[in-house]
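Asker:
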Amino acid sequence: MIRFENVTKEFPNGTIAIDDVSFVIDPSEFVFLVGPSGAGKTTILRLLMRELHPTSGMINVDGSDLAAIKKRELPLLRRQIGAVFQDYKLISDRTVYENVALVSDIIKRTQREIDEHVNEILSLVGLEEKRDLFPSQLSGGELQRTTIARALATQPSIIFADEPTGNLDQATAWEIINLLLMINKKDTTVIVSTHNQDIVESVDKRVIELVKGRVVRDTKKPPEQKAPTRESAKSEQPSGETPQKEAETRLEKEPQKVENETVPEETKVKSQKQKRKKKKE
Amino acid sequence: MKKSFTTTYRHIRRTPYQALSAITVLTVTFFIATLYFLVMAGSEKVLRYFETRPQVTVFFQDEAQKDQIDALRAKIRSNPGVSDVKYISKEEALTIYREQNKDEPLLLEMVTADILPASLEISATNVSNLSEIAKIVGQEPGVEEVVYQEDVINALTGWTRGVRIAGVALLSFLSATSMLIILIIIGLKISSRKVEIEILKLLGATNWYIIGPYILEGVFYGVLGAFFAWGAAYVLILYTTPFLISFLGEIPLIPIPFVFMAMLLAGLLIFGAVIGSLASLIAARRFLR
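These protein sequence lines map, in sequence, to chains A and B.
Going letter by letter, the first sequence gives residues 198 to 478 in my numbering.
Going letter by letter, the second sequence gives residues 86 to 374 in my numbering.
(1) Identify the contact partners of Y294 (chain B) in chain A, using a Cβ-Cβ distance below 7 Å as the criterion.
(2) Return the Cβ separation of V167 (chain B) and I218 (chain B) in integer angstroms, given the expectation that the two are a contact with Cβ distance under 8 Å.
(3) Quick test of your reading: G254 (chain A) and E202 (chain A), contact by CB under 8 Å. State the CB separation rounded to the nearest angstrom.
(4) Confirm, please, whether the CB-CB distance from I222 (chain A) to I256 (chain A) is below 8 Å.
(5) Examine chain A for any beta-carbon lying closer than 8 Å to the beta-carbon of A290 (chain B), and answer yes or no.
(6) Beta-carbon within less than 8 Å of T245 (chain B)'s beta-carbon, same chain only, minus the 5 sequence neighbours each way: which residues are those?
(7) Note the first and the last residue of the continuous beta strand (DSSP E) segment covering K383 (chain A).
(8) Can you look up S354 (chain A) in the DSSP assignment and give me helix, strand or coil?
(9) Counting along the chain, where does the beta strand (DSSP E) carrying S208 (chain B) start and finish?
(10) Determine, using beta carbons only, whether T265 (chain A) comes closer than 8 Å to chain B.
(11) Kindly say whether K286 (chain A), judged by its beta-carbon, lies nearer than 8 Å to any beta-carbon of chain B.
(12) Does L301 (chain B) come within less than 8 Å of chain A when only Cβ atoms are used?
(13) Scan the stretch 319 to 376 of chain A and note each continuous alpha helix (DSSP H) run of 4 residues or more that stays entirely inside, going in chain order.
(14) Using 8 Å for Cβ pairs, my map puts G289 (chain B) next to L319 (chain A). What's the rounded Cβ distance?
(15) Would you call the CB atoms of I154 (chain B) and F145 (chain B) closer than 8 Å?
(16) Any idea what DSSP makes of A368 (chain B), helix, strand or coil?
(17) Work out the CA separation of Y319 (chain B) and V232 (chain B) for me, nearest whole Å.
(18) Need the endpoints of the beta strand (DSSP E) that F227 (chain A) sits in, please.
(19) Under 8 Å, Cβ to Cβ, is there at least one residue of chain B near V300 (chain A)?
(20) Name the two residues that bound the continuous beta strand (DSSP E) containing N203 (chain A).
(21) Report the neighbours of P272 (chain A) on chain B: residues whose CB is nearer than 9 Å to its CB, in chain order.
(22) Between D329 (chain A) and L335 (chain A), what straight-line distance do the alpha-carbon atoms span, to the nearest angstrom?
(23) So, is the C-beta of K88 (chain B) closer than 8 Å to a C-beta in chain A?
(24) Does DSSP put F122 (chain B) in a helix, in a strand, or in coil?
(25) Please list, in chain order, all residues of the same chain as V218 (chain A) whose beta carbon is under 8 Å from its beta carbon, the five residues on each side excluded.
(26) Mind checking if A280 (chain A) is an interface residue toward chain B, Cβ cutoff 8 Å exclusive?
(27) What does R275 (chain A) reach in chain B if we use C-beta pairs closer than 7 Å?
(28) Would you kindly report the start and end of the unbroken alpha helix (DSSP H) that includes I284 (chain B)?
(29) Taking only three categories from DSSP, how would you classify I339 (chain B)?
(30) Between A424 (chain A) and chain B, is the shortest Cβ-Cβ distance under 8 Å, so that the two count as touching?
(31) Using a Cβ cut-off of 9 Å, pull out every chain B residue sitting near M246 (chain A), in sequence order please.
(32) How many Å lie between Y172 (chain B) and V248 (chain B) at the Cα?
(33) Can you look up A430 (chain A) in the DSSP assignment and give me helix, strand or coil?
(34) Decide if I200 (chain B) is buried, meaning its Cβ has at least 16 other Cβ atoms within 10 Å, or exposed.
(35) Can you grab the Cα-Cα spacing for the pair I374 (chain A) / S354 (chain A), in whole Å?
(36) For G45 (chain B) versus I271 (chain B), is the C-beta spacing smaller than 8 Å?
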């Protein structure tokens, strides 16, 4: 669970990045963080990673107060949060495989475990063919999928994707969103910051809207599923299957082990209901 | 740890010229330090050699009786400042004289045992006792002349002290230079990987995970530089052994025992590793704040 309580971040030059922000994100929730550029979305990620300290207020992640975390415990917090950065933050002289394996290496997995795990994740994000390429040899969508793969490598409880669709065309953007939805289905909390209104409106998930650092809208209870979700996606696709379906097919083909076996009953029922609804459509 | 070695190896492999320059400069620095250390150790040994040689020689008049000499010998031996007293009779003096001048038959012909004086060769435990001993012995009956090498020893002591002070200064300077070289090279490497370090921090890497490979790299340069310097110094010593033996004469400095050289190698490797790790740590710490 992520809890922001009256969090304000003011930079030394006087800029107030976020102002008295409060929200709670439950485990396994999927949340869109929307707002124009400069609204404070990235600041929230940086606060969550404790790259920045709030000027005032309290941030709590899975029961621990971030202000109380000691410097030497910081790596453990960061391993809990899989961050997908806006500028990818991939290491340029390492291959896709090495970039993803790096996180497993940091958490001291054995080489055999790393091989198994990374191959599994790469096939999940559809990059098994590109594993030996360097970041400069990848397209925008592939770079984004690599960062998602890397974020997944520690099997974190939270994934924060900062503008993951920012530089992508609509079709690729949908691929990424569907991938994140698929990850969320495995009970991972997913926060997606974006200013892509089409996607936000098409996917029936909670939206927290920020304007000039303040929360102006929070759809805590998601509205009823909108009918045109897949249609709108379809209209963006040149031909063939929608990326959502494509990702679902991939998930069904290569089911990943769900680490946390004690999935809350409520979540299971919810996802089953959603599946049934989709079938009816 | 194994991973850190792999990363270190990759860092070195990807910047071979930086690694080569680091090792070369460190080899030269350590080579000079090693040679100077050997000079220091050598001068200490030379001093010790002279200190243990007979330092006061008492020559007796021809009429001095054996009893008189024995009494004086016993008296001198009882002095706590004296480590050894050796009697050289006229005949022994002739033998020594003959040995020393065996290539000069003319000199040998002219000398008989009669004209050579009997003597006592006295070694002092400490150089500073020499003048006192000489003074006491000079007043004894039957003594013709007392010769002592206080000036030689004093000069040698001063020289050794000078070498030691200069050595400490030079070794400190060379250590500082070696540290700076490693600090600059590792600092440059870290600086060029600043982005990667930031990423690693965000991904939850510990400080050791990030700086470990850089510290190992510094240790690698230090150890390799020390090893090559030792090798070069050893080759130089072996090459110049014939010259050094004739130059040093009786002083038993050469050949240098292998155990000493092995200990020197161990010391140098430790020194290199400490310098390397310390310099890398200083370089890396700046980027971890």
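C-beta atoms are modelled at their ideal positions from N, C-alpha and C, and glycine is treated no differently.
Answerer: In this structure, then:
(1) I303
(2) 6 Å
(3) 6 Å
(4) no
(5) yes
(6) Excluding residues within five positions, the ones whose Cβ falls inside 8 Å are S128, E129, V131, L132.
(7) Run containing K383 (chain A): none; DSSP gives neither H nor E here.
(8) coil
(9) 204 to 209
(10) Strictly speaking, residue 265 (chain A) in this sequence is Ala, with Thr absent from that position. Output row for A265 (chain A): interface = no.
(11) K286 (chain A) belongs to the set of residues whose beta carbon lies under 8 Å from a beta carbon in chain B.
(12) no
(13) 337 to 349
(14) Not really, about 20 Å apart at Cβ, beyond 8 Å.
(15) yes
(16) helix
(17) 40 Å
(18) 227 to 231
(19) yes
(20) 199 to 207
(21) K286, L288, G289, A290, T291, N292, Y294
(22) 11 Å
(23) yes
(24) helix
(25) F201, N203, V204, T205, G237, I241, G254, L407, G410, R411, V412
(26) yes
(27) L287, L288, G289
(28) 279 to 287
(29) I339 (chain B) falls in the coil class under three-state DSSP.
(30) Caution is warranted here: a pLDDT of 44 is assigned to A424 (chain A), below 50, making its placement in the model unreliable, and no coordinate value can be reported.
(31) L287
(32) 36 Å
(33) The pLDDT assigned to A430 (chain A) is 43, lower than 50, so where the model puts this residue is not dependable, and the model offers no usable value.
(34) exposed
(35) 18 Å
(36) In the structure displayed, chain B extends from 86 to 374; residue 45 (chain B) sits before or after that span and is not available.
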